[in-house]
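Chemist: This structure is in structure tokens; I'll ask about it shortly.
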Amino acid sequence: MKKNIYFFTSLAFISVLFLGACSSSSNATTDKEDTESLNIYTTIYPIQYFAETIGGDHVNVESIIPNGSDAHTFEPTSNQMVDIAKGDAFFYASDEMETYASAIANAIGEDELPIVEMAEGIDQIPYEGHDHEGEAGAHSHDHEGEEAGAHSHDHEGEEAGAHSHDHEGEEAGAHSHDHEGEEAGAHSHDHEGEEAGTHDHDHEGEAAHHHHGDKDPHIWLDPLRAKQLAENMKNELIALDPDNETDYEANFEKVANDLSDLDLRFKEVVKDKPTNKIIVSHAAYGYWEANYGIEQVPITGLSPSDEPSQKELEGIIHTAEDNDLNYVLFEQNISPKVAEVVQEEIGADILRIHNLETLTEEDIENNEDYITLMDKNIEILEQALTNE
326 MKKNIYFFTS LAFISVLFLG ACSSSSNATT DKEDTESLNI YTTIYPIQYF
376 AETIGGDHVN VESIIPNGSD AHTFEPTSNQ MVDIAKGDAF FYASDEMETY
426 ASAIANAIGE DELPIVEMAE GIDQIPYEGH DHEGEAGAHS HDHEGEEAGA
476 HSHDHEGEEA GAHSHDHEGE EAGAHSHDHE GEEAGAHSHD HEGEEAGTHD
526 HDHEGEAAHH HHGDKDPHIW LDPLRAKQLA ENMKNELIAL DPDNETDYEA
576 NFEKVANDLS DLDLRFKEVV KDKPTNKIIV SHAAYGYWEA NYGIEQVPIT
626 GLSPSDEPSQ KELEGIIHTA EDNDLNYVLF EQNISPKVAE VVQEEIGADI
676 LRIHNLETLT EEDIENNEDY ITLMDKNIEI LEQALTNE
């Protein structure tokens, strides 16, 4: 709770720091034309990936979330707030996911910097939690004898931009702001010595601050909604930098094709499987059920900090035993403490799935990206749904 108080108290200093940054910028001798690339700050990895991939050589992109950390409980430091204020834009996933985004907007001011919710216009499914109390079908509907693919929907022909917001006719300068005289190095900042763990928080009494509301924010795990995120990214980059519209459009088409291919692979992986259920560390995979009929049995809620009660834990174990589930899926940035209880109780094997909220150092060393990690997720699903 103390760190939470510190975060909001520190916002009082941001306006002063921001004015100082602007003053320093206006007195610099180097024009923005010399900098050329847009400096974009982002949050979760998929937003970073779409900015980098669609922006190409025209952008410098940095995520404010440390590698391998829990994106649900992350809060930006005051130094990061100052860095964001020096950038050309701040892109985040959604108000449900990054609950601190409104504080950044209030501190910096959207008139000074484009602060954009990339999920705007994208339909988010509701999340009501699950009642596992002695119930085999954790979602209160009976899947007995039902094929795993029975709930998959046909999105064929659905346009990627169906829910995206329209920038057509928007003036090129709508989001632009003047960095004339800003030094080329103004965007460099020192994170040396900053460890992923430095953002761990004391959550005592803090649950409301990280509450995700009634919507499931994990839209990037759905390839079709991810395509809408990518299109929104393309539109925002064009608004910031209309001279390079052709490049942004071409890069988006490549990303959109990759995401369409992923959608087809998800539809294939659920066919003719003996189960459609997966036990997962936290409830990040609701969109897989909505689109493909892959029913998640989450050990914690939308945020990993939403730990189950003893009765809920018993219900999860009963669900696993009643369905003879042989695997528990751990995640790359989530503590397996509670998941290990379930895994040991039912004698299940461990599989590792990636929620893509953040990359680990190992992911970076192996040159993993959104597409390669989702490909690996599909391979894990093949094993988990085969349940052998």
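Here the sequence shown stands for residues 326 to 713, numbered as in our numbering.
Yeah, the Cβ is synthetic: ideal placement off N, Cα and C, and Gly gets one too.
Just so it is clear, the structure is predicted and the values come from calculations on it, not from any experiment.
#1: Find out if the Cβ-Cβ distance for the pair Leu584, Ala555 is shorter than 8 Å.
#2: Suppose contacts are defined by Cβ-Cβ distances below 8 Å. Is Gly611 in contact with Ile447 by that definition?
#3: Is Ile409 helix, strand or coil when you go by DSSP?
#4: How do the segment 556–564 and the segment 587–597 stand: do at least 3 beta-carbon pairs fall below 8 Å, yes or no?
#5: Considering only the alpha carbon of each residue, which of Leu546, Ser419 and Ile409 lies closest to Tyr617?
#6: Comparing the C-beta of Leu706 with each C-beta of chain B, is any distance below 8 Å?
#7: Out of Thr367, Pro371, Glu361 and Pro391, which one is the CA nearest neighbour of Asp382?
#8: Leaving out the 5 sequence neighbours to the left and right, which residues in its chain are closer than 6 Å to His514 when beta-carbon positions are compared?
#9: Please work out which residues of its chain come closer than 6 Å, Cβ to Cβ, to Ala551, disregarding the five sequence neighbours upstream and downstream, and give them in chain order.
#10: Since Ile678 is in the beta strand (DSSP E), which residue starts that stretch and which ends it?
#11: According to DSSP, simplified to helix, strand and coil, what is Ala414?
#12: Could you tell me which uninterrupted beta strand (DSSP E) segments, each at least 3 residues in length, are contained entirely in the segment 655–712, listed from first to last along the chain?
#13: Can you pull the DSSP bridge partners for His607?
#14: Helix, strand or coil for Tyr617 per DSSP?
#15: Would you kindly work out how many angstroms separate the C-alpha atoms of Ala645 and Glu453, rounded to a whole number?
#16: When you compare the segment 385–401 with the segment 671–689, are there three or more beta-carbon pairs, one atom per stretch, that lie closer than 8 Å?
#17: Quick one: what does DSSP say Ile641 is sitting in, helix, strand or coil?
#18: Could you check the C-alpha separation between Val666 and Asp566 for me, to the nearest Å?
#19: Could you give the DSSP three-state label for Thr378: helix, strand or coil?
#20: Could you give the distance in angstroms between the alpha-carbon of Tyr366 and the alpha-carbon of Ile705?
#21: From the DSSP output, read off the bridge partner residues of Ser362.
#22: What whole-angstrom Cβ distance do Ile429 and Phe415 have, given they're in contact under 8 Å?
#23: Less than 8 Å between the CB atoms is what I'm expecting for Met443 and Asn557, so what's the real figure, rounded?
#24: Between which residues of its own chain and Asp539 is the CB-CB distance below 7 Å, once the five residues before and five after are set aside?
#25: Cα separation between Gln373 and Glu686?
#26: Tell me the DSSP secondary structure of Val595 in three-state form.
#27: Check each candidate in Lys636, Ala410 and Glu574 and name the one with the smallest Cα separation from Gly434.
#28: State the DSSP-derived secondary structure class of Asn651, mapped to helix, strand or coil.
#29: Rounded to whole angstroms, what is the Cα-Cα separation between Tyr573 and Glu639?
#30: Which residues in the same chain have their Cβ closer than 6 Å to the Cβ of Phe591, if we skip the five residues on either side of it in sequence?
#31: Under 8 Å by Cβ, that's how I've got Ser606 and Ile624 pegged, so tell me the actual separation to the nearest angstrom.
#32: Among Ile642, Gln708 and Pro633, which has the Cα closest to the Cα of Glu670?
#33: Kindly indicate which three-state DSSP category Glu574 falls into: helix, strand or coil?
#34: Distance check for Val386 and Glu377, CA to CA, integer angstroms please.
#35: With a threshold of 16 other CB atoms inside 10 Å of the CB of Ser628, please say whether the residue is buried or exposed.
#36: Between the Cα of Ser630 and the Cα atoms of Tyr652, Asn658 and Leu698, which residue gives the shortest distance?
Modeler: Judging by the given coordinates:
#1: One thing to note: Leu584 has its Cβ within 8 Å of the Cβ of Ala555.
#2: Cβ atoms of Gly611 and Ile447: not closer than 8 Å.
#3: Note: Ile409 maps to helix in three-state DSSP.
#4: Between the segment 556–564 and the segment 587–597 there are fewer than three inter-stretch CB-CB distances shorter than 8 Å, so the stretches are not counted as touching.
#5: Checking every option, the nearest Cα to that of Tyr617 belongs to Leu546.
#6: No chain B appears in this structure, which consists of one protein chain only.
#7: Minimum Cα distance to Asp382 is reached at Glu361.
#8: Because the pLDDT of His514 is 41, which lies under 50, any placement of that residue in the model is unreliable, and the number read from its coordinates should be weighed accordingly. Result list for His514: Asp408, in chain order.
#9: Leaving aside the five residues that flank Ala551 on each side, the residues in its chain whose CB is nearer than 6 Å to its CB run, in chain order, Trp545 and Leu584.
#10: That run of the beta strand (DSSP E) goes Asp674 to Ile678.
#11: Strand.
#12: Counting only runs of 3+ residues, the beta strand (DSSP E) found wholly inside the segment 655–712 occupies 674–678, in chain order.
#13: In the DSSP assignment, His607 is bridged to Thr625.
#14: In the structure shown, Tyr617 sits in a helix (DSSP, three-state: H, G or I).
#15: Ala645 and Glu453 have their C-alpha atoms some 20 Å from each other.
#16: Result yes; three or more Cβ-Cβ pairs closer than 8 Å.
#17: Helix, per DSSP.
#18: In a straight line, the C-alpha of Val666 is about 51 Å away from that of Asp566.
#19: In the structure shown, Thr378 sits in a helix (DSSP, three-state: H, G or I).
#20: For Tyr366 and Ile705, the distance between alpha carbons rounds to 31 Å.
#21: Ser362 is not bridged to any residue.
#22: Going by Cβ atoms, the distance from Ile429 to Phe415 rounds to 7 Å, so yes, they are a contact pair.
#23: About 5 Å separates the two Cβ atoms, so the contact holds.
#24: Pro451 and Tyr452, listed in sequence order.
#25: Straight-line Cα distance between these residues: approximately 16 Å.
#26: Reduced to three states, the DSSP call for Val595 is coil.
#27: Residue Ala410 is the option with its Cα nearest to Gly434.
#28: Asn651 falls in the coil class under three-state DSSP.
#29: Rounded to the nearest angstrom, the two C-alpha atoms are 50 Å apart.
#30: For Phe591, where only same-chain residues beyond five positions count, the Cβ hits under 6 Å are Tyr617.
#31: Contact between Ser606 and Ile624 holds: CB atoms are separated by about 6 Å, below the 8 Å threshold.
#32: That would be Ile642, whose Cα lies nearest to the Cα of Glu670.
#33: Three-state DSSP puts Glu574 in a helix.
#34: Those two C-alpha atoms are separated by around 6 Å.
#35: By the beta-carbon neighbour count (other beta carbons within 10 angstroms, threshold 16), Ser628 is buried.
#36: Ranked by Cα distance from Ser630, the options Tyr652, Asn658 and Leu698 are led by Asn658.
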